[in-house]
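Quick mapping for you: the protein sequence lines, in order, are chains X and U. When we follow the numbering used here, the leftmost residue of the first sequence carries the number 1, and every step to the right adds one. When we follow the numbering used here, the leftmost residue of the second sequence carries the number 1001, and every step to the right adds one. Worksheet: one structure, shown below.
There are 2 protein chains.
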Amino acid sequence: MGEQQLDVVTADDLYYVPVSEFDRLRAKRLDAVEEAQTFALLARLNTLYMIARAWSGHLGTSFSSLEIMSWLFLREMRNLDAGPQACDVFFSSKGHDAPALYNVLIALGLLEQDQIHHLRRIHGLPGHPHVETPYIQANTGSLGMGISKAKGMALANRLLGVDQKIFVLTGDGELQEGQFWESLQSAVNMGLHEITVIIDHNKIQSDTWVKDVSDLGGLEAKLRAFGWHVERVDGHDIAALQRVFRAVDGVRDKPKAIIADTVKGKGVSFMEGPAMKVGELYNYHSGAPNEQEYASGSAELIAQAQERFKTHGLGELKIESAVRQPRKPVLKVERLVVAYTQALLRQAETHPEIIALDADLVKDCGLVDFRARFPERFVECGIAEQDMVSMACGMAHRGALPIAHSFACFLAARPNEQIYNQCSESSKVIYVGSLAGLLPGGPGHSHQSVRDISALGSVPGLILAEPCTEQEVVALVDFMVNGTEESSYLRLVSLGWPVPFSLPANYTAEVGRGTVVRDGDDAIVFGYGPWMLANAWEATERLATEGVSIKLVNLPWLNRLDTQWLRDVIGPIRQIMTLDNHYVHGGQGDMVAAAIAELALSPISRVTRLGVTELPQCGTNDEVLHHHKLDVDGLFASMQQAWRASPATVGPSQDAPGAGRRG
Amino acid sequence: MGEQQLDVVTADDLYYVPVSEFDRLRAKRLDAVEEAQTFALLARLNTLYMIARAWSGHLGTSFSSLEIMSWLFLREMRNLDAGPQACDVFFSSKGHDAPALYNVLIALGLLEQDQIHHLRRIHGLPGHPHVETPYIQANTGSLGMGISKAKGMALANRLLGVDQKIFVLTGDGELQEGQFWESLQSAVNMGLHEITVIIDHNKIQSDTWVKDVSDLGGLEAKLRAFGWHVERVDGHDIAALQRVFRAVDGVRDKPKAIIADTVKGKGVSFMEGPAMKVGELYNYHSGAPNEQEYASGSAELIAQAQERFKTHGLGELKIESAVRQPRKPVLKVERLVVAYTQALLRQAETHPEIIALDADLVKDCGLVDFRARFPERFVECGIAEQDMVSMACGMAHRGALPIAHSFACFLAARPNEQIYNQCSESSKVIYVGSLAGLLPGGPGHSHQSVRDISALGSVPGLILAEPCTEQEVVALVDFMVNGTEESSYLRLVSLGWPVPFSLPANYTAEVGRGTVVRDGDDAIVFGYGPWMLANAWEATERLATEGVSIKLVNLPWLNRLDTQWLRDVIGPIRQIMTLDNHYVHGGQGDMVAAAIAELALSPISRVTRLGVTELPQCGTNDEVLHHHKLDVDGLFASMQQAWRASPATVGPSQDAPGAGRRG
């Protein structure tokens, strides 16, 4: 990461502006608008660096918000030096623009410079904001909570006699969330003028135009109808931003909303929203630029920055560089979402009553092909999970078979009561929650769904199941469509993962029953899903070299258990372990362990439950698995420990009562 | 229930109009408006009957909606005779007006006449609508889902080629729910003109004025800003209703909303909203009229009805009567919500940072006194649980100690993700969910919170606890305020219940540990909460007469368990039972059973879990407990069965390995 004079941008190097150059810019005491414009440009280059280095992040929405954030932190926020509890408050409700915010904070010395290299790394900067990071004032990542939080802050401040302005940045797709509208009215009734909401109106949500997902209609009129003071501004025109912030300063009797018209991906020509061709998806919402995109994009930004530095009389802009780690090679992996797409299409061919509903995750949920093939049976609900689920409920009531999709973290929680309400009608809806579980570790705990089994597991008439291979996806989808009258929840790991075993060719889904994927006599391990079972399989292989023979069982059912099967598959084994890609509390392991306590197996059995036991870490997949001790090493160590702590495993004979006793 | 000529209304009798009189009215072929006005009046008398007889129900909102419902079912709904799947669709999103709807359906012969006597009885008419009842098209009771459901119905109908009008009745307080606004936009984008929403704008939500809770602002302007066609009408003027329905018929390109100005409690002078004095609460939202109120109210309605029948040339209106069952005498009971009020006030005296947040249940959540004593620290959020929780999150972030209140059913589910988000910030908020569990059985499963332990149990940093006595309420509130840095959820049974034991005078809350409330040697039973433990206590008394001695343990912790304590309290006992006022799956019993499986007690133990295993029944408390086998008889039988099925209980010696084995 040596400093260097930059002549040629190469595909392998990454470039960023050191804090010293921001300091040099600010020391020049330029006109405030000029300074902020250049500041934002440098922060944009660093944001590109950060995301490229992490191979993951949200470029488009970071770029659209940079002028706003830069101006706020340079000129609007008071008492920044007094620390995050005493200064004016800013936070982003959309949250996926965290890289932009991090770089503004780093440039101002409010966050350590070294953190620029640690986006989405463990103990680094989380993919979505977390209050443990300095100057991060709210955990966000799930949408629509921002104004509510700001209201709480303002009311507590009034009670405690604290004077703070509170700035909240929201997305525009985010406005589809009901909580946004729910939060508007009382802010007016309470006269919370401390709050200024800036809507980063870049017109693209996830991968496509907001107007094509769920058009917002007349946004200004709506906000005014709710009684808010409304301004509209070009969100990249800093002089205009300055004027609008002065204008809202004068409003002292009501909360204020500034609709900032912005461009998603602003600043790099080919990343800008309007460069998207008709019928294409926007490519820079999440993920990272490839080598060529990075080279072109950074070259554009560097050229502009150098030009501005010269114009300011600051001479050459010093840029530092780092070598980009190559992307991990892709192995032969099980891609469950891809398999789901195919399974869904196949079922839809013969089931004209199937309707697929999506909540603004058409690509991530594997629905692009379905939408193309059955456009009249595809309903895009926008970021509105409660609405989606109750719509599905209404559809089911009229004879359709709705299949509702979102990320598991949102689907299990946001419309939690709506799912219960639907199931209480004894109608049939299928829910598909992708991005389930601890991995990928990059987006952070708002997206790491490790409590959905608990949140949905006790809904009556709702069967929860998770496949471990593409083959099992097909079997479970077939079961959910054709094999049950109950509603169901398909829990899908989105991350591709190599799985070292396969299920029988004639595998079919039988409720409450699993499949032995590796035989053994000394202990038995129950688990589900691709990476957990794959890691467990590797761990059992290692234990085999120590002479311990472990039976590994894929149990895809998360809230159903056939206790007769359980008794049979356990057989004479008395050392039992469960693995949850979920919190241990409320996971599959609780169900299995409780059933074993009820079976009262003789001689005595011992159940050890493993899984997640604390808020998930954000980091690379390896880092996260290692931290939670769910990588191969961690599972191996836990299995070994359980084995060593246990009494000698009972052999096939059942005639050794008490052999499992502990003193 | 003999037919009789009515001269004097007495306090002990209840009066209703038989279907034959509705038939006589309709056979007269009066002018449509005149007919509907009289029809509504008779249905109002029957609604009063139904609620008085059940000693429970929602009078105010039923009365405000009766002209609307009567007109819809008499003149707007097509193909009623073809059955509920083929006719036009009507349902109430607010749902607590179910008694009005039932009486309209009964009067039209669409629902059995005998059901008029069976409101809130098992196998009768549920307190909130359930699709098992004929012509009930949606389960409601939790607010804000109506338009979403209607959209789903309309889209499925379009796909399946069905032509149906869909009428949805909403409340006005209900409009505070975010899902209402979330559902508006796509209805416009999709041009769902099939949908007509009628807002029963009676201006009172629960017990007070909507404008004092969270003023709706310019409702018409808001709805128009969302692109809906909007009409406004006097909701009790049937001629005006007729005109407005003809007007919206002509709108074929967008969904329609009719704001119907109504009067809560319409038709009985002293029950009408405007009769409420300044500073008073509205008395007729839920519950039932007392004897004198019933006598006066029914006399008013009967006099009007007789007058109208004479005017119509129909002669005397025949009225039938029934004897009202006396209200159950009040025993000396533990009133946990009352105790909570006192505990909260006491903590608030010494904790100026405490702020109480309420979601339109100030009376039911025991907050009336707090509001009076600390008005500046009381925040009424309206029916907006997501907003409330994220506000609490923001308050905690600024140094306050927020305590957020609602019914357990709503609090655990509606803001489920917001609670997780708050806890992920490691801040401290206390949640108080009243009306927890299976009882009261009258409101039905939308309000019977029996999955909240599961829905919240795995939220990291959130401690769930439920007290069984007033004394324990005080101890747990003290713990939650002063004894932990974690967030917590206080699960409160609202129903008063006599508890036959008391906790030690020096009782304090220790996380994960319970208290033996009855000693015994043969078996051990774990449970929590007043009625479950009281019923279990009675059952153990009975078992004692059969020579079986059962230890009963109050374990108030729902997702925390001290396993060392568990081992100690179990001691040599090997027959173990858990009791959940919750679904067995995901309840406390799962936690206890799983821990026992991990302890691997020697000799072998057997755990039996009891609790709710199906969607809760609606009925009287006795009926519901009996159905779910959780009354004293049911618990006695289960305990007896478990005892008989088990091997001989092991004595105090641990030297009997295998004694607990089964063949």
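The C-beta atom is built at its ideal place from N, Cα and C for all residues, glycine as well. Computed from a predicted model, the values in this text were never measured in an experiment.
Within chain U, no residue has its CB atom less than 8 angstroms from the CB of X/T208, the nearest being about 14 angstroms off. Leaving aside the five residues that flank U/Q1471 on each side, the residues in its chain whose CB is nearer than 6 angstroms to its CB run, in chain order, L1503. Using a Cβ-Cβ distance cut-off of 8 angstroms, the stretch 1374-1394 of chain U and the stretch 1319-1335 of chain U are not in contact, since fewer than three pairs of beta carbons, one from each stretch, lie closer than that value. A check of alpha carbon separations from U/G1267 across U/R1243, U/D1237 and U/L1281 identifies U/D1237 as the nearest.
Remark: fewer than three beta-carbon pairs, one from each stretch, lie closer than 8 angstroms, so the stretch 1330-1343 of chain U and the stretch 1057-1074 of chain U are not flagged as touching.
Judged by their CB atoms, U/V1104 and U/A1043 are nearer to each other than the 7 angstroms cut-off. For U/S1321, the uninterrupted beta strand (DSSP E) segment begins and ends at I1319 to V1323. If you look at X/R560, you'll find it isn't in any alpha helix (DSSP H); DSSP assigns it neither H nor E.
Rounded to whole angstroms, the Cβ separation of X/T38 and X/F63 is 16 angstroms, and the two are not in contact under 8 angstroms. A direct Cα-to-Cα measurement between U/Y1102 and U/I1204 gives close to 22 angstroms. Contact between the stretch 172-182 of chain X and the stretch 1382-1390 of chain U is present: three or more C-beta pairs spanning the two stretches fall below 8 angstroms.
Going by DSSP, U/S1092 is part of no alpha helix (DSSP H) but of the beta strand (DSSP E) stretching over V1089 to S1092. DSSP places X/A32 in the helix class (H, G or I) of the three-state scheme.
One Cα belongs to U/E1466, the other to X/A40, and the distance between them is close to 52 angstroms.
Inter-segment contact for the stretch 1289-1297 of chain U and the stretch 1068-1076 of chain U is absent: fewer than three beta-carbon pairs are separated by less than 8 angstroms. Note: X/P572 is not bridge-paired with any residue in the DSSP secondary-structure output. When the alpha-carbon of U/L1552 is set against those of U/Y1528, U/E1546, U/E1510 and U/I1524, the nearest one is in U/I1524. X/G141 sits close to X/G95, with the two beta carbons spaced by under 7 angstroms. Under a criterion of Cβ atoms nearer than 9 angstroms, no residue of chain X is adjacent to U/N1079; the nearest Cβ is some 15 angstroms distant. Taken in chain order, the members of the stretch 107-131 of chain X whose beta-carbon sits within less than 9 angstroms of a beta-carbon on chain U are H130 and V131. Beta-bridge partners assigned by DSSP to U/D1519: none are found. Annotation for X/G461: no alpha helix (DSSP H) segment contains it, and DSSP assigns it neither H nor E. Remark: C-beta atoms of U/V1188 and U/G1227 approach each other more closely than 7 angstroms. Here the C-alpha atom of X/H128 lies approximately 13 angstroms from the C-alpha atom of X/P440. Taking a C-beta distance under 7 angstroms as the contact criterion, U/A1343 and U/V1473 qualify as a contact pair.
For chain X, the residues of the stretch 1450-1463 of chain U that bring a beta carbon within less than 7 angstroms of one of its beta carbons are R1451, S1454, A1455, G1457, S1458, V1459 and P1460, in chain order. Among the CB atoms of chain X, one or more fall inside 7 angstroms of the CB of U/R1606.
The CB of U/Y1420 comes closer than 8 angstroms to the CB of A413 and R451 in chain X, given here in chain order. Taking a contact to require three or more Cβ pairs closer than 8 angstroms, the stretch 1620-1629 of chain U and the stretch 1434-1450 of chain U qualify as touching.
The three-state reading of DSSP puts X/G527 in strand, counting E and B together. DSSP places X/W71 within a helical segment (H, G or I) once states are collapsed to three. Residues of chain U with a Cβ closer than 8 angstroms to the Cβ of X/M395 are, in chain order, G1152, M1153, L1155 and A1156. With 16 or more other CB atoms across the displayed protein chains lying within 10 angstroms of its CB, U/S1390 is buried.
In the DSSP assignment, U/K1551 falls within the beta strand (DSSP E) that extends over I1550 to N1554. When DSSP states are grouped into helix, strand and coil, U/F1378 belongs to the strand group. Listed along chain U is no residue with a C-beta nearer than 9 angstroms to that of X/V481; the closest approach is about 17 angstroms.
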